[in-house]
Every structure is written in C-alpha cells, then in structure tokens.
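Enquirer: Structure in structure tokens, see below.
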Amino acid sequence: MTEDTKAVAAAFDGLSHGYAASFIDNELAADARRRAHMVYARSFHAPALIADVGCGPGQDSVWLARHGFQVLAVDCSPSMIAMARQAVDQAGVGSAVITWQGDGFAPGRLPEIAGQLLDGVLLGFGPLNFVSDLEQALRNIRAAMRPGGVAVVSALSSRCAWDLMWHLATGRGIAPRWHRSPQTVRISDVDCPISYWSARQLIHAANRFFHLLNVTAVGSIAPPPYADPLMDRLPTARRTLCRWDERLQQTRLAAAIADMLWLELRAR
Numbered sequence: 003m004t005e006d007t008k009a010v011a012a013a014f015d016g017l018s019h020g021y022a023a024s025f026i027d028n029e030l031a032a033d034a035r036r037r038a039h040m041v042y043a044r045s046f047h048a049p050a051l052i053a054d055v056g057c058g059p060g061q062d063s064v065w066l067a068r069h070g071f072q073v074l075a076v077d078c079s080p081s082m083i084a085m086a087r088q089a090v091d092q093a094g095v096g097s098a099v100i101t102w103q104g105d106g107f108a109p110g111r112l113p114e115i116a117g118q119l120l121d122g123v124l125l126g127f128g129p130l131n132f133v134s135d136l137e138q139a140l141r142n143i144r145a146a147m148r149p150g151g152v153a154v155v156s157a158l159s160s161r162c163a164w165d166l167m168w169h170l171a172t173g174r175g176i177a178p179r180w181h182r183s184p185q186t187v188r189i190s191d192v193d194c195p196i197s198y199w200s201a202r203q204l205i206h207a208a209n210r211f212f213h214l215l216n217v218t219a220v221g222s223i224a225p226p227p228y229a230d231p232l233m234d235r236l237p238t239a240r241r242t243l244c245r246w247d248e249r250l251q252q253t254r255l256a257a258a259i260a261d262m263l264w265l266e267l268r269a270r
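Those letters in the sequence shown? Residues 3 to 270, per this note's numbering, in order.
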C-alpha cells in the first residue's frame, strides 16, 4: 500500500466501531442508499462478477449477493473488511462473496484476487475521494475489467450547495470541499488526504477508458445525511425535499450543486 492508502486504512479502522450504526435511523442516508441501489439494478446484470471497492462494512456487497451477483468485496481497512465478512455471513450469502483486505486501486490486484477480469466494478459512496490521481485510479480500474463491463463510480462533489450553506450558517466559514483539492482532513486522529471532484473532472478523467452512460446527482435539493437530526423535526419537509431531489437527479443543475455524484460507465 502507498502511505496515503495506509493513512486512509488507519482512519477508517478508527471509525469502524460506530460507522455502520451512525447510519441506522438516518432517513437521508437511507434514501441515498435506496437510490444507489436503483443505479446498481440498472447498471449490473446478474450473475456478473462485481468488485465492490471500498466496501466498508459491506451493505452493498450484501445487496449485490442477494440479487444474484458474485462479489469481490475489497477495503484497505482491516476493521472494515472484518465487518463486511461478518455482514456477509450474517446475511447467509458467504458463498457468493470473497472478501479481501488491500488496495483496490493497485494495478493488477483485482483480477489477480478474483482469478479473472471483472464484469463490473462498484466504487460506492466515495472511495474516489481518497485518491490523489483520479485518472490513474480509473485507468487501473479499467484494466481490471473486461471490455464492455460496467463501472458505477461515486464521489463527494466539490461544489455541494447544502454543504456551503451549512458551514456558513453554523459559523464555520467556507466549506472545505469548496477549497482547492487535494486537502488533508483529520479522521480518527489520522491526517488523511482527500480530494473533491466536480462532474466535469470525473467525466474528463473517465473519458479515455470508459463511455459515459449516465450521471445521477444525489443531494442537490435534499441535504446531506449529517443534517438528518435537524430534519427529524421537519419530517414532511424532508420527504418533500427527497422527492424533488430524485425528480431532478439527472439534470445538469443538480450535478453542479449535489452532495454526491454517481457515474455509470462502460469500459472501452
């Protein structure tokens, strides 16, 4: 692993104890994951072999396995991959999932572990934010895939309107993601490199290796999950914002101001 990857692994080891629990009863997070699953269902076709890179505690790996896919669940954090294996076993889908602790962006490692080129790759809920060279990361992902395979990639965007308003309203000044990337953030007492990407940057980096199929924006109208405790006081407003967020999710305006961007890509 690179030194940056080791830092990310240590940071998420520190987060792992309460990471999955922090999203329980979070309606905004649940809505974001529901819509992510709609993207997966549209993009991937069972019984394909899918690598879930940055799988975290394994929610998406379990979802894929339950829907008939063969899954390679990958995370650089030993604690996260242990949680993923536990989630897979508890869900009764262990025969469909291989778990591997390591750097999923390392050249050649995914097909080596899987024993073949992949039908698809999932980079769900932001692992691309922890790479400094976006084009190289996507080049390595493409090299692990068969021609015509589909990658679903996501990233926290560099221009989230809600994030800016939240930081200004709470007296924190300009939101960090509005500053130039890469940056260093403190996670679990570990300094981690992080980069926020615009839709244009993601599309440009992917264009040499993939055909763009679709862009879905989440969190342009609805606030990010960290605002859910506040929105608990306004449940009707939360439902309305989520409904409009979904209706507008494939517009250019939504992609310009969303919290998270999802790209569906077909390997050249």
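Yeah, the Cβ is synthetic: ideal placement off N, Cα and C, and Gly gets one too.
All values reported here derive from a predicted model rather than from experimental measurement.
Among Gly70, Pro80 and Ala32, which residue has its Cα nearest to the Cα of Pro49?
Expert: Out of Gly70, Pro80 and Ala32, the CA that lies nearest to the CA of Pro49 is found in Gly70.
Enquirer: Please confirm whether Leu178 and Phe132 have their CB atoms less than 8 Å apart.
Expert: Per the sequence shown, the amino acid found at residue 178 is Pro instead of Leu. Taking 8 Å as the Cβ cut-off, Pro178 and Phe132 do not qualify as a contacting pair.
Enquirer: Does the region 83-92 touch the region 35-45, meaning 3 or more C-beta pairs lie closer than 8 Å?
Expert: no
Enquirer: Since I believe Gly56 is in contact with Gly126 (beta carbons under 8 Å), could you give me their beta-carbon distance rounded to a whole number of angstroms?
Expert: 7 Å
Enquirer: Write down every uninterrupted run of the beta strand (DSSP E) in the region 137-200 whose length is 3 residues or greater and which is fully enclosed by it, in chain order.
Expert: 147-158, 185-189 and 192-196
Enquirer: For the alpha helix (DSSP H) that Ile26 lies in, which residues bound it at each end?
Expert: That residue, Ile26, is in no alpha helix (DSSP H); it is neither H nor E in DSSP.
Enquirer: Mind checking if His206 is an interface residue toward chain C, Cβ cutoff 8 Å exclusive?
Expert: Any reference to chain C falls outside this structure, which holds one protein chain only.
Enquirer: Kindly identify the DSSP beta-bridge partner or partners of Arg268.
Expert: Under DSSP, Arg268 shares a beta bridge with Val152 and His213.
Enquirer: Is the CB-CB distance between Ala146 and Leu124 below 8 Å?
Expert: no
Enquirer: Please name the residue in Pro109, Ala84, Val64 and Gln72 whose C-alpha comes closest to that of Gly94.
Expert: Val64
Enquirer: Name the DSSP beta bridge partners of Thr101, please?
Expert: The bridge partners DSSP lists for Thr101 are Ala75.
Enquirer: Measuring CA to CA, which of Ala67, Ala9 and Pro59 is closest to Ile26?
Expert: Pro59
Enquirer: Taking the continuous alpha helix (DSSP H) assigned at Gly16, which residues delimit it?
Expert: Glu5 to Tyr21
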